[in-house]
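According to my numbering, the residues represented by the sequence shown are 14 to 429, in order.
Beta carbons are placed, not taken as given, at the ideal position from N, Cα and C, and that holds for glycine.
Below is one structure; the comments refer to it alone.
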Amino acid sequence: MKPRLTQRIQFSLAYALVVVLLLSLLQSWLLAPRSVEIPYSKFLELLRADRIERVALTEREIRGVAKPGALPAPPALPGDRLRQWLGPDEEVRVFTVTRIPGVDEQRLVAELEAHKVEFAGRIETTFWKDLLFGWVIPLGIMVAIWMFLMRRVGGGPTQALSFGRSKHKIYDRKELKTTFNDVAGVDEAKAELVEIVDFLKNPKKYQRLGGRIPKGVLVVGPPGTGKTLLARAVAGEADVPFFTLSGSEFVEMFVGVGAARVRDLFEQARAQAPAIVFIDELDALGRARGIEMPGGGHDEKEQTLNQLLAAMDGFDPSVGIIVLAATNRPEILDPALLRAGRFDRQVLVDRPDRKGRADILQVHLGKVRVAADLDVDAVAALTPGFTGADLANLVNEAALVATRRGADATTLEDFT
């Protein structure tokens, strides 16, 4: 939590500095006297009519102050109302004149002396103008283009400087509303995971006799059988923070980024322990070493896997961090991941049997309108080999079929 607090303080200071800078620029602009640009002929006319008080001469322009009522009213600007609100509306008396190349300097000085106008020379500096147009604006354009490109490729301006930060999502106790009641058809898997939930709720119960809970639990099963749903149910039942991300999110094109993300993930999990770290599609990260094809990012994946192995070895099981992982290809995982002390247990989530399919259908049928005489067991008998995802899709398709034929409820015919 401390790094996040430090980041918030840094961001607050940065915003405060930006606001102060903008306010100072706004104040200097509002408090600066308004000026009007007049042509050189108008300047000579005012000079010969004794309507000018003083001037300052530079190589490029003449800047001066005219007597009251001598200058025409300047065009209205957006900030004029704000100026009037901040202070009294003053008459514009400051003017600027662009010098004409080749005009005799001595004649101009003689006329100023003849009309008793106070004048002085001023060395015109272009430092700030050169800095603004030569460095600040081009650099700002380059930064804006860079930020735009980083957003286009999927990384925000903050992510571009934090490749090593983990991309996990965190669900706190209030957001996790999934429980074992939402999981059906996998009674054996639920029974094995009850102990994990009990440990997170009552860790001292298992430490009383010197035992320790498994550091990692690998949930194995075909796609669509509810592995991710089981992991969310475990976190919801245990009432602990739930860190979730996919194995492919660790690996990047830059060597060392995946290992940094693994370290960052476990550091944040320790800060909020007890917690559950769930890695989906573990085979994308934990593929057995030595079987990568040349040019396939072998070094980066190996470093990431080695860091994961070290992290799972390094944390104390009494802290209350449990690593859950899911895969449908356990045969390609590295043997070091599956040894005792890392993923100690493997929980099989297989395709449900007939009774399991009926239980899953009961969960999904509660979300649609069905006929009162619908035989759920008959639907379960029609769907051998279906996974939980298949059954959820079946219920949705049957509801759409019933909608197309204008029925008031979904019947067995729609499922057939």
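TODO: Please report the residue range of the beta strand (DSSP E) in which residue 77 lies.
DONE: Unbroken beta strand (DSSP E) run through residue 77: 74–79.
Task: Helix, strand or coil at residue 126 according to DSSP, with G and I counted as helix - done: Residue 126 carries a helical assignment under DSSP once its states are collapsed to helix, strand and coil.
TODO: Can you tell me which of 252, 251, 250, 271 puts its alpha carbon nearest to the alpha carbon of residue 260?
DONE: 271
- [ ] Note the first and the last residue of the continuous beta strand (DSSP E) segment covering residue 297.
- [x] From DSSP, residue 297 is part of no beta strand (DSSP E); its letter is neither H nor E.
Task: Buried versus exposed call for residue 161 [16 or more other C-beta atoms within 10 Å across all chains shown] - done: Exposed, by the Cβ-count rule.
Task: Closest Cα partner of residue 191 within the set 251, 293, 216, 127 - done: 251
Task: Start-to-end residues for the beta strand (DSSP E) that takes in residue 259 - done: 255–259
TODO: Could you have a look at residue 281 and say whether DSSP puts it in helix, strand or coil?
DONE: helix
Open item on the list: Is the separation between the beta-carbon of residue 256 and that of residue 290 shorter than 8 Å?
Closed with: yes
Open item on the list: Which residues does DSSP list as the beta-bridge partners of residue 68?
Closed with: 77, 132
Task: Buried versus exposed, by CB contacts within 10 Å (16 or more), residue 419 - done: exposed
- [ ] Locate the alpha helix (DSSP H) running through residue 208, then write down its first and last residues.
- [x] 200–214
Open item on the list: Check this for me: beta carbons of residue 321 and residue 302, under 8 Å apart or not?
Closed with: no
TODO: Measure from the alpha carbon of residue 69 to the alpha carbon of each residue in 131, 195, 325, then state which is nearest.
DONE: 131
Task: Cβ contact (3+ pairs, closer than 8 Å) linking the stretch 106–120 and the stretch 43–62 - done: Enough Cβ pairs lie closer than 8 Å, so yes.
Task: Which listed residue (62, 85, 114) has its alpha carbon closest to that of residue 75 - done: 114
Task: Residues sharing a beta bridge with residue 358, DSSP - done: Beta-bridge annotation (DSSP): residue 358 is paired with 230.
- [ ] Would you mind stating whether residue 336 and residue 202 have Cβ atoms separated by less than 8 Å?
- [x] no
- [ ] In the DSSP assignment, find the beta strand (DSSP E) that holds residue 337 and state where it starts and stops.
- [x] Taken as a continuous stretch (DSSP letters only), the beta strand (DSSP E) holding residue 337 covers 334–340.
TODO: Inspect the CB distances between the stretch 219–234 and the stretch 371–379 and report whether three or more fall short of 8 Å.
DONE: no
TODO: Under 7 Å Cβ to Cβ from residue 325, same chain only, skipping five residues before and after it: list those, please.
DONE: Excluding residues within five positions, the ones whose Cβ falls inside 7 Å are 228, 229, 336, 355.
- [ ] Report the option in 206, 263, 277, 214 whose CA atom is closest to the CA atom of residue 243.
- [x] 206
TODO: Could you tell me if residue 338 is buried or exposed, where buried requires 16 or more neighbouring beta carbons within 10 angstroms of its beta carbon?
DONE: buried
Open item on the list: Taking the beta carbon of residue 410 as the centre, do at least 16 other beta carbons fall within 10 Å, making it buried, or is it exposed?
Closed with: Answer is exposed; the Cβ neighbour count stays below 16.
Open item on the list: Which runs of the alpha helix (DSSP H) at least 4 residues long sit entirely within the stretch 370–412? Give them in chain order.
Closed with: 389–394
Open item on the list: My output table needs one value for residue 60: the three-state DSSP class, helix, strand or coil.
Closed with: helix
Task: Run of the beta strand (DSSP E) containing residue 353, from where it starts to where it stops - done: If you look at residue 353, you'll find it isn't in any beta strand (DSSP E); DSSP assigns it neither H nor E.
Open item on the list: Suppose you measure from the CA of residue 79 to the CA of residue 34; what does that come to, to the nearest Å?
Closed with: 33 Å
- [ ] Using 10 angstroms around the beta-carbon of residue 144, count the other beta-carbons present and answer buried if the total reaches 16, otherwise exposed.
- [x] exposed
- [ ] Kindly indicate the opening and closing residues of the alpha helix (DSSP H) around residue 146.
- [x] That residue, residue 146, is in no alpha helix (DSSP H); it is neither H nor E in DSSP.
TODO: Use the C-beta contact count for residue 421: other C-beta atoms within 10 angstroms, 16 or more gives buried, fewer gives exposed.
DONE: exposed
Open item on the list: If I follow the unbroken beta strand (DSSP E) through residue 111, where does it start and stop?
Closed with: 107–111
Open item on the list: Using 8 Å as the threshold, is the C-beta distance between residue 370 and residue 198 below it?
Closed with: yes
Task: Test item: CB-CB of residue 396 and residue 404 under 8 Å - done: In this structure, residue 396 places its C-beta atom within 8 Å of the C-beta atom of residue 404.
TODO: Output the distance between the C-alpha atoms of residue 283 and residue 29, rounded to the nearest integer angstrom.
DONE: Taking the straight line from one Cα to the other gives about 32 Å.
- [ ] For residue 240, count neighbouring Cβ atoms within 10 angstroms of its own Cβ and tell me buried if that reaches 16, exposed if not.
- [x] buried
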